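Yeah, the sequence shown ends on 315 if you go by the numbering used here, and it's all consecutive.
Working notes, structure below.
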Amino acid sequence: MNPVSIKELQRLYRVACAQDVIAFKPGNVSYASPGHGMDADTFRRSAQASAQPLTEPGLALGERVLAAVVATRAAVACNSNLGILLLCAPLVQATINYPDKPLHEGVRRVLRNTSVADSLAVYEAIRIAAPGGLGEVDEHDVSLGTRLTLTDVMSYAAPRDLIAAQYVNAYADLFDTALPFLDGALRRCRTGADAVTALFLFLLSRYPDTHITRKFGADSARKVSQTAGDVRAAWDDATQPGEALRHLIAFDKQLKSAGLNPGTTADLCVATLFSHHLRQQVDLKPGDTRNHPWSRHPTSVNGSTHVD
């Protein structure tokens with residue numbers, strides 16, 4: 008992988024966050040559909056605030072997460088991106104520490120070398136962010152964090168948390184499943200935003216969302232995944248854009264009226280987008296579209312989107 012400057016690393020992270028909220032993701036926040044007390048601008052400001060601390064040279068993995076959470080909390084006064092930061096921090100660490108290695112190999116090395124200090128920093132980040140279902144960390148988990156590395160601690164949460172599972176399986180779900188799907192979706196979809204919607208529905212139908220599981224139980228999460236599979240099939244079969252959009256809107260209303268937010272799925276979408284840009288070294292600077300799929304969206308990152 009070619010070396011990436013810190014400035015470029017920050018920009019690609021912000022781009023991935025922006026592309027995520029440009030896309031319509033049922034149950035989650037987008038420019039078209041706010042929800043759960045947040046709107047797309049919440050995520051734009053979160054990305055702006057967290058980009059610099061997340062990519063600060065010389066930080067350890069846990070320090071990156073903690074610094075970015077502190078900056079986000081100061082900017083938006085809520086937990087908008089803890090999952091995004093937990094997933095993106097190892098990608099940043101791999102890019103900085105192992106610039107001569109393929110991204111996936113760099114991530115493997117990062118996760119093999121986490122520390123007890125990383126665990127303590129991440130626990131502090133969780134305490135500050137106070138996310139749904141994770142605001143109270145029990146004493147047993149905290150005691151683990153004082154004597155186990157972050158990857159070892161994540162192994163305890165992995166059976167019930169898809170983000171923790173990535174630390175244990177070396178991002179297998181991202182690199183072996185999500186990225187290949189996104190690559191194909193970018194080739195076949197009409198716009199980049201449609202490709203992200205397709206990715207979201209694919210991941211939600213494949214992996215019961217663990218944010219929903221924490222708040223509403225495993226049965227609710229499984230039912231949402233089953234519905235996502237049905238919506239994905241109907242969306243794929245739709246012959247008119249308006250028909251496809253109606254399926255998404257109906258699912259979005261169903262989820263939000265019940266307070267169901269597939270937040271972990273959206274977090275994995277952001278990390279997949281970020282990985283895609285890092286791996287491909289795609290130049291998305293304004294005015295330089297080069298026929299990239301994102302240029303085919305009316306609010307693409309190549310035009311007037313909210314990416315600074």
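Backbone N, C-alpha and C define an ideal beta-carbon position, used for all residues, glycine too.
Computed from a prediction, not measured in an experiment: that's the story for all the values here.
What are the start and end residues of each continuous alpha helix (DSSP H) run of 4 or more residues lying completely inside the region 210-245, in chain order?
217-223 and 225-244
May I have the straight-line CA-CA distance separating histidine 218 from serine 232, to the nearest angstrom?
12 angstroms
Check the C-beta distance from phenylalanine 321 over to threonine 234 and give it rounded, since I have them as a contact under 8 angstroms.
The requested residue 321 is not part of the displayed model; the chain covers only 8 to 315.
Look at the Cβ atom of proline 41, then the Cβ atom of leucine 68, and state whether they are nearer than 8 angstroms.
no
Over what stretch of residues does the alpha helix (DSSP H) that includes histidine 43 continue unbroken?
Premise fails: histidine 43 is in no alpha helix (DSSP H) and is neither H nor E.
Can you give me the start and stop residues for the alpha helix (DSSP H) that phenylalanine 281 sits inside?
270-287
Roughly how many angstroms lie between the CA atoms of arginine 239 and leucine 206, to the nearest whole one?
Distance from the CA atom of arginine 239 to the CA atom of leucine 206, rounded to whole angstroms, is 10 angstroms.
Return the CA-CA distance between glutamine 261 and asparagine 120, expressed in angstroms with no decimal places.
43 angstroms
Tell me where the alpha helix (DSSP H) around phenylalanine 188 begins and ends.
Counting along the chain, the alpha helix (DSSP H) containing phenylalanine 188 begins and ends at 186-195.
Quick check: the Cα distance between aspartate 244 and alanine 251, rounded to an integer number of angstroms?
8 angstroms
Out of Ala177, Met45 and Ser57, which has the shortest C-alpha to C-alpha gap to arginine 21?
Ser57
Given a threshold of 16 other Cβ atoms within 10 Å of its Cβ, counted over all protein chains shown, does glutamine 288 qualify as buried or as exposed?
exposed
From the DSSP output, in three-state form, read off leucine 66 for me.
If DSSP states are grouped into helix, strand and coil, leucine 66 belongs with coil.
In whole angstroms, give me the CA-to-CA distance for tyrosine 105 and glycine 113.
6 angstroms
Could you tell me the distance, in whole angstroms, from the CA atom of proline 248 to the CA atom of alanine 74?
42 angstroms
Taking the alpha-carbon positions, what's the valine 11 to leucine 189 distance?
22 angstroms
With H, G and I counted as helix, E and B as strand and the rest as coil, what does DSSP make of lysine 263?
helix
Shortest alpha-carbon distance to threonine 204 belongs to which of Ser53, Phe31 and Leu66?
Phe31
Are there 16 or more other CB atoms within 10 angstroms of the CB of threonine 153, so buried, or fewer, so exposed?
exposed
Which value, in whole angstroms, describes the spacing of the CA atoms of threonine 49 and valine 175?
30 angstroms
Measure the Cβ-Cβ separation of alanine 273 and aspartate 27 and say whether it is below 8 angstroms.
yes
Can you list, in chain order, the residues of its chain whose CB lies under 6 angstroms from that of alanine 54, leaving out five sequence neighbours each side?
Contacts found: Arg21 and Cys24.
Which of the three DSSP states, helix, strand or coil, is assigned to tyrosine 163?
DSSP places tyrosine 163 in the helix class (H, G or I) of the three-state scheme.
Would you give the residue range spanned by the alpha helix (DSSP H) that cysteine 85 belongs to?
DSSP places cysteine 85 in no alpha helix (DSSP H); its state is neither H nor E.
If you reduce the DSSP assignment to three classes, tell me which class glutamine 26 lands in.
Looking at glutamine 26 - three-state DSSP - the assignment turns out to be helix.
Taking the C-alpha atoms as reference points, what is the distance between glycine 140 and alanine 225?
Since pLDDT at glycine 140 reaches only 44, below the 50 mark, its modelled position is unreliable, and the value read off the structure follows with that caveat. It is roughly 13 angstroms from the alpha-carbon of glycine 140 to the alpha-carbon of alanine 225.
Counting C-beta neighbours from all protein chains within 10 Å, is the total for serine 264 16 or more, i.e. buried, or is it exposed?
exposed
Throw me the rounded Cβ distance for the isoleucine 170 and leucine 94 pair, which I believe falls under 8 angstroms.
Contact holds; Cβ gap of about 6 angstroms.
Under 8 angstroms between the Cβ atoms of alanine 136 and arginine 80?
yes
Do you know offhand how far isoleucine 13's Cα is from leucine 61's?
10 angstroms
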